Amino acid sequence: MQHPGLSDAPPDHIIYVWRGGKIFPNNVMAQPDMGRDIQAASGSLLISLPQQRVEQTGRRAHELAAELYPLCRSLTGEGVRGTLRRLQELIPLTINEIPSGTPAYDWVVPDEWNITDAYVLDGAGRRVIDFNASNLHVVGYSSPIDARVSREELLRHLHTDPDHPDWIPYRHTYYRESWGFCAAHRLLAELTEAEYRVRIDSRIAPGSLSYGELYLPGTEPGEILVSTHICHPSLGNDNLSGIVIAALLAQDLQLAPRRFGVRFLFVPATLGPIVWLSRNEPVAAAVLAGLVLAGVGDDGAPTYMRSRRGNALIDRAIEHVFRHYSPAAKIRDFAPTGYDQRQYCSPGFDLPVGGFMRTPNGQYAQYHTSADNLKFVTPGALGDSWRLIRMTLDIVQENLRFENLSPKGEPRLGPRGLFNDAERLGLLWLLSLSDGRHTLLDIAERSGLPFWHLLEGARQLEQSGLLRRMSERDAE
């Protein structure tokens with residue numbers, strides 16, 4: 024299937040990211056030695072996103088999702104830790120453990136939940152529902168039970184989806200003590216016996232809530248936040264897709280020069296961001312742009328939910344990327360629903376954090392069911408999401424201001440060898456609006472030109488002595 028927006032990118036789309044006027048070969052990120060040189064130098068970096076690299080990243084993301092798929096993740100527990108430990112093999116992730124009972128604003132970290140087995144037995148001892156066949160068969164955070172129950176009682180604790188009789192729904196009971204099973208609706212016709220044995224071998228006891236964090240420092244104050252939730256069991260799009268794309272972005276950005284720091288959070292949904300915010304208010308104040316990644320692996324069109332501010336740098340950056348490289352993508356206004364951007368955007372913080380997804384949660388039939396599997400998540404969609412997110416983060420990193428050093432009249436471009444590329448690179452726009460107040464994204468929005476054309480144009484004008492890059496202090 025063709026992924027919306029994927030064919031709209033040129034086959035060898037180039038993003039220019041630079042810091043001193045030099046240009047490296049366009050396969051620089053595939054060359055480890057050169058990557059190390061870039062990390063240590065103040066030179067420039069040319070990041071290339073050819074189709075081959077996008078497809079390769081999509082395949083890697085899907086393979087990683089397949090590794091993590093069997094783990095039984097939940098709000099807390101070993102499934103989350105196991106996932107974070109696997110990510111530590113890819114990136115230098117710190118695993119934080121927040122003890123049960125720890126307050127976080129209006130919330131409290133609950134006791135930890137772990138499970139080893141669960142089943143429903145018929146009279147012949149046959150497992151008619153088996154946790155080992157699918158971890159979705161057990162309601163998350165179910166209390167332990169080992170009892171014989173009537174068919175009627177079993178049905179009161181059994182969740183199915185009549186509209187999709189072959190799918191197992193996903194349910195949890197994080198904040199209410201209960202137990203339960205989930206099964207394909209067609210199974211109900213087979214449950215004809217008067218009594219069944221139910222067993223859930225789980226443990227709810229004081230422990231901790233686990234989350235992963237990685238900070239990649241930058242050269243200037245301010246940071247970018249990338250957050251993804253890590254609390255769902257064997258569900259591919261929601262949210263193994265977000266986990267694997269965040270991990271591969273972190274792995275990629277370790278090699279890149281960074282103007283601003285980038286912080287990656289792998290947290291349980293809702294409570295995880297609240298816990299992190301409660302412990303990191305000074306750090307949160309430094310966030311100048313952020314993305315929550317969730318549901319980024321299905322074949323639907325890319326979708327972005329704006330931050331609460333509505334016109335923050337991250338909102339403008341991703342809208343620019345969509346306009347030029349994914350015209351089928353959709354923009355939604357902020358709403359205090361859905362994923363974790365609503366925590367980062369809560370009025371006490373109002374951080375400039377938006378949500379990147381493909382088909383919005385709850386708007387595809389497979390959502391929170393066993394049909395949200397590794398077939399529903401595709402390498403092509405994963406690669407396309409990585410491409411769009413990476414381009415957006417690059418705009419945030421390279422949204423520079425310049426000063427025109429020859430502002431009285433129009434300087435001659437021909438003698439400087441700049442005339443032939445003047446229109447493509449927006450050189451006249453850059454000279455006109457480089458007054459120390461307009462950023463490159465401001466100029467891109469006003470001119471209608473792609474950000475990366477202007478970035479390369481600014482580089483050439485600076486090399487020719489016509490522009491000077493301004494620091495944030497100069498711009499104040």
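If you're matching positions, the sequence shown starts at 24 in my numbering and goes up one per residue. By construction, the Cβ of each residue, glycine as well, lies at the ideal position given by its N, Cα and C atoms. Quick caveat, the model's predicted, so the values are computed rather than measured.
Local Cβ density within 10 Å of residue i, reported as buried at 16 or more and exposed below that
i, result
"residue 345", "buried"
"residue 184", "buried"
"residue 225", "buried"
"residue 56", "Its pLDDT being 32, under 50, residue 56 is placed unreliably by the model, and the measurement read from it follows with that caveat. Looking at its Cβ environment, which holds fewer than 16 other Cβ atoms inside 10 Å, residue 56 is exposed."
"residue 242", "exposed"
"residue 204", "buried"
"residue 443", "exposed"
"residue 143", "buried"
"residue 90", "exposed"
"residue 440", "exposed"
"residue 103", "buried"
"residue 186", "exposed"
"residue 433", "exposed"
"residue 356", "exposed"
"residue 386", "exposed"
"residue 131", "exposed"
"residue 61", "Annotation note: pLDDT 28 at residue 61 (below 50); position unreliable, coordinate value reported separately. Looking at its Cβ environment, which holds 16 or more other Cβ atoms inside 10 Å, residue 61 is buried."
Nearest neighbour of residue i, chosen from the options [CA to CA]
i, options, result
"residue 265", "247, 287 and 487", "287"
"residue 230", "186, 350 and 134", "134"
"residue 164", "156, 195 and 172", "195"
"residue 114", "274, 221 and 176", "274"
"residue 351", "360, 382 and 72", "382"
"residue 296", "235, 437 and 206", "235"
"residue 74", "474, 402, 109 and 341", "402"
"residue 247", "377, 193 and 342", "377"
"residue 101", "193, 125, 178 and 255", "255"
"residue 188", "124, 166 and 388", "388"
"residue 253", "122, 106 and 162", "106"
"residue 392", "206, 343, 484 and 462", "206"
Rounded Cβ spacing between residue i and residue j (contact assumed at less than 8 Å)
i, j, result
"residue 250", "residue 298", "Not a contact, Cβ separation roughly 12 Å."
"residue 237", "residue 116", "5 Å"
"residue 2", "residue 268", "Residue 2 lies beyond the stretch modelled for the chain, which goes from 24 to 499, so this question has no answer here."
"residue 354", "residue 379", "Rounded, the Cβ-Cβ distance is 11 Å, inconsistent with contact."
"residue 405", "residue 84", "4 Å"
"residue 261", "residue 384", "6 Å"
"residue 223", "residue 152", "So it is not a contact: roughly 11 Å between Cβ atoms."
"residue 408", "residue 325", "7 Å"
"residue 201", "residue 118", "Going by Cβ atoms, the distance from residue 201 to residue 118 rounds to 29 Å, so no, they are not a contact pair."
"residue 429", "residue 478", "Rounded, the Cβ-Cβ distance is 20 Å, inconsistent with contact."
"residue 475", "residue 466", "Not really, about 12 Å apart at Cβ, beyond 8 Å."
"residue 397", "residue 88", "6 Å"
Residues bridged to residue i (per DSSP)
i, result
"residue 314", "249 and 377"
"residue 136", "227"
"residue 95", "BP columns for residue 95 are empty, so no partner."
"residue 6", "Residue 6 is absent from the model: the chain starts at 24 and stops at 499."
"residue 327", "354 and 379"
"residue 462", "424"
"residue 141", "223"
"residue 174", "DSSP lists no partner for residue 174."
"residue 239", "285"
"residue 205", "182"
"residue 233", "120"
"residue 218", "173"
"residue 391", "In DSSP, residue 391 forms no bridge with anything."
### Message
I want to know whether the region 362-371 touches the region 417-425 - three or more CB-CB distances under 8 Å.
### Response
no
### Message
Under 8 Å: do the region 319-334 and the region 277-286 share three or more Cβ pairs, one atom per stretch?
### Response
no
### Sufficient close CB pairs (3 or more, under 8 Å) joining the region 208-223 to the region 170-177
yes
### Task
Tell me, please, whether the region 325-339 touches the region 204-218 by the rule of three or more beta-carbon pairs shorter than 8 Å.
no
### Query
Should the region 204-213 be regarded as contacting the region 145-159, the criterion being three or more beta carbon pairs within less than 8 Å?
yes
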